[in-house]
Structure formats: structure tokens, C-alpha cells
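Following: one structure in C-alpha cells, then a few remarks.
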Ligand code: 13P
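Numbering (our numbering), first residue to last: 7 to 255.
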């Protein structure tokens with residue numbers, strides 16, 4: 007069975023009630039009839055709005071982070087059950103911005119991954135190396151370490167209910183896209199690492215590429231054998247740009 011292409015938007019900390027209405031409505035209308043699986047991950051305060059505009063469409067919605075706890079005295083945190091209350095299907099876990107600015111260690115990421123599955127959400131687990139790590143030729147080690155933390159805590163079978171996103175940190179928001187060959191090499195490595203635990207899980211796993219994906223480069227990236235779609239930052243904030251990428255899926 008070929009894997010369905012999946013295009014997910016990550017709005018990061020962008021948006022406003024007024025602006026989102028136009029963006030979500032245009033995405034909803036333009037996505038009708040497209041064959042890719044699609045989702046947008048919006049800031050927490052806009053989940054209700056995403057739910058009201060996108061309900062009944064072929065675009066799902068999700069969040070960009072989750073607490074590893076179920077409930078309790080954790081000021082500022084948002085739990086998986088709260089996300090489910092707003093109809094979220096997806097949650098981004100371990101984005102490099104969370105890892106580098108907010109102290110999401112491999113252990114925290116593994117706990118958040120487990121919490122999202124417990125709440126019935128599909129985690130989009132982000133992995134990827136920095137430029138320093140790439141230059142030091144340790145991309146494979148870094149990505150493997152990030153994956154292994156999750157496999158060790160949740161088990162490889164948990165990846166049947168998850169999506170992985172390879173996001174080289176040096177390509178995020180920089181306009182520098184990994185070449186299709188560079189991305190494919192790491193995607194193949196990720197799939198091989200998982201296949202070493204379970205060939206079945208590896209074969210079904212959607213592995214997205216993220217980092218300066220645009221409609222102009224999406225088709226070639228998504229044409230690689232182990233690239234199953236994209237996690238889109240900047241281009242997900244403009245309906246035509248996002249839809250142009252979805253069309254490539
Ligand atoms: P850009 O598409 O803006 O490079 O962001 C990628 C990203 O971080 C998506 O999560």
C-alpha cells in the first residue's frame with residue numbers, strides 16, 4: 007500500500023482572529039477535492055476557531071505542543087484532553103524551536119509523545135540536526151538519538167499511530183531547503199532505524215520533510231521515495247502558498 011501524502015501547516019506564533027477567518031476559509035475551500043491528507047496546527051487560542059471553520063472539511067487541525075501531564079498545578083500548560091475537547095487530531099511534538107528555546111529535552115519530548123497518544127491524538131514527532139551538527143557529520147547520530155528516546159519510552163509500535171517530521175534546523179525559516187537528495191538520505195535513515203525494530207511499522211510510517219518548503223520545491227521533495235509530505239511553516243500562513251504545496255501532495 008503506498009503511503010498517503012500528508013501536508014501539515016505549522017503556524018507557529020502567528021495569526022489573529024480576523025486574519026485567521028480568511029486564511030482558514032480559503033484553505034477549507036481550496037482543499038476540497040485534493041487527494042493529500044491535510045492539517046493546520048494553530049496557536050492554542052485559535053483552536054476553537056479552527057474547529058468551527060474546518061469542521062466537516064477535509065482539513066484537520068491540531069496544536070503545536072502539549073503538556074506531558076494529564077492535569078494539575080502546571081500553570082500555563084495545556085493537556086491532551088483539552089486539545090481533544092477542541093477536536094484536535096494532531097499535535098506537533100519536539101519542534102526544534104521547543105527543543106532549543108524551551109528546554110524540551112529528549113526525555114520531555116518522549117513524555118509529551120506518550121501523553122499525546124494517551125489523549126488519542128496523533129503526534130507529529132519532529133527530529134533534525136543543527137548546522138553545527140551537520141558540519142560535524144553527526145546528523146545520523148542526532149536523529150537516531152531523538153528517535154530512540156521515543157522508541158525506548160513508548161515502544162516502536164506506538165509509531166503506527168504517529169507521524170515523524172524531519173526538520174533540519176538550518177533549513178527552518180532560512181529559505182535554505184535541503185536538496186531532495188539530502189532530505190531523502192535522512193528520511194531513508196529514519197525509516198531504516200525504525201525497520202530495524204519493525205519492518206511493518208517502518209513501511210507504513212509517514213515521514214514528512216520540513217524546512218523552507220514552497221510550492222516551487224514541494225513536488226520534487228515529495229517525489230522522493232521516503233518523503234511522504236511536508237510540515238510547512240511560513241508558507242502555511244498564505245492560503246495560495248499552502249494549497250500550492252497541498253496540490254503537490
Ligand atoms: P519554514 O517552512 O518556515 O521553514 O518552517 C518549517 C517548520 O519549522 C515547520 O514546523
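Idealized CB from N, CA, C, for every residue including glycine.
Could you spell out the range, first to last residue, of the alpha helix (DSSP H) harbouring residue 88?
-> Residue 88: member of the alpha helix (DSSP H) spanning 86-91, first to last residue.
Residue 106 CB to nearest heavy atom of the ligand 13P below 7 angstroms = Checking the Cβ of residue 106 against the ligand 13P gives no.
Rounded C-alpha distance that separates residue 176 from residue 126 = Each residue's CA atom was taken as its position, placing residue 176 and residue 126 some 32 angstroms apart.
Hey, which unbroken runs of the beta strand (DSSP E) at 3 residues or more fall wholly within the region 116-204?
-> Listed in chain order, they are 128-133, 169-172.
In the DSSP assignment, find the beta strand (DSSP E) that holds residue 43 and state where it starts and stops.
-> Note, residue 43: beta strand (DSSP E), 43-47.
Close Cβ partners of residue 74 (< 6 angstroms) along its chain, the five nearest in sequence each way excluded = Hits under 6 angstroms: 117, 118, 121.
For residue 62, count neighbouring C-beta atoms within 10 Å of its own C-beta (all shown protein chains included) and say buried if the count is 16 or more, exposed if not.
-> That one is exposed.
Tell whether a beta-carbon distance below 8 angstroms holds between residue 224 and residue 254.
-> Yes; because the gap between Cβ atoms is below 8 angstroms, this pair is in contact.
Alpha carbon of residue 181 to alpha carbon of residue 166, nearest angstrom | Residue 181 and residue 166: Cα-Cα distance of roughly 32 angstroms.
Give the DSSP bridge partners of residue 16, in chain order.
-> Beta-bridge pairing links residue 16 to 47.
C-beta atoms of residue 173 and residue 229 nearer than 8 angstroms | No. Outside cutoff.
Using 8 angstroms as the Cβ pair cut-off and three pairs as the minimum, do the region 104-117 and the region 8-25 touch?
-> Touching, no, given that fewer than three Cβ pairs across the two stretches are closer than 8 angstroms.
Do you know whose CA, among 242, 214, 178, 9, lies nearest residue 47's CA?
-> Nearest C-alpha to residue 47: 242.
Spell out a yes or no on whether the region 80-98 and the region 47-57 are touching, meaning 3 or more CB-CB pairs, one atom from each, closer than 8 angstroms.
-> Judged by Cβ distances under 8 angstroms, the region 80-98 makes contact with the region 47-57, as three or more pairs qualify.
Is the beta carbon of residue 221 within less than 7 angstroms of some heavy atom of the ligand 13P?
-> Placement of the Cβ of residue 221 at a distance of 7 angstroms or more from every heavy atom of the ligand 13P is found.
Considering only the beta carbon of each residue, do residue 162 and residue 200 sit closer than 8 angstroms?
-> Yes, the pair counts as a contact, with Cβ atoms nearer than the cut-off.
Is the beta carbon of residue 101 within less than 7 angstroms of some heavy atom of the ligand 13P?
-> Distances taken from the Cβ of residue 101 to the heavy atoms of the ligand 13P include one shorter than 7 angstroms.
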